[in-house]
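**Q** Position one of the sequence shown corresponds to residue 157 (my numbering), numbered consecutively onward.
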Amino acid sequence: MAWNPNGAGRLMLTFDPAGLTTTQRDGDACVVCHKKWPRPRVRVGLLPDNAPVHACEDCAEALLPVPEGKVPLPRRSRAATS
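1) Report, in whole angstroms, the separation of the C-beta atoms of Leu203 and Arg181, which I expect to be a contact under 8 Å.
2) Out of Pro208, Cys212, Thr178, Thr170, point me to the one whose CA is closest to Val188's CA.
3) Arg181 lies in the alpha helix (DSSP H); which residues open and close that run?
4) Put Arg197 into one of helix, strand or coil per three-state DSSP.
5) Rounded to a whole number of angstroms, what is the C-alpha to C-alpha distance between Glu217 and Val198?
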């Protein structure tokens, strides 16, 4: 399964292997949350040696860039509105 956020082209992030565990580098655990089961299937990026990096579906969705023009508004605290 390829990670294709908007149907145009693939967006591939490059991950630093120094911050990943062996299971994450081998594609046996999610690169974000470390979940091993079910095995992460969404390819979200590459290591510098072009080895694929995978994430679970929830984390892959969280890695999607914010669409241009749809930047979320900053949250206001209740103390500031009182």
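Glycine residues also receive a C-beta, built at the ideal position from the N, C-alpha and C atoms.
All values reported here derive from a predicted model rather than from experimental measurement.
**A** With the structure as the only source:
1) 7 Å
2) Cys212
3) 178–181
4) coil
5) 10 Å
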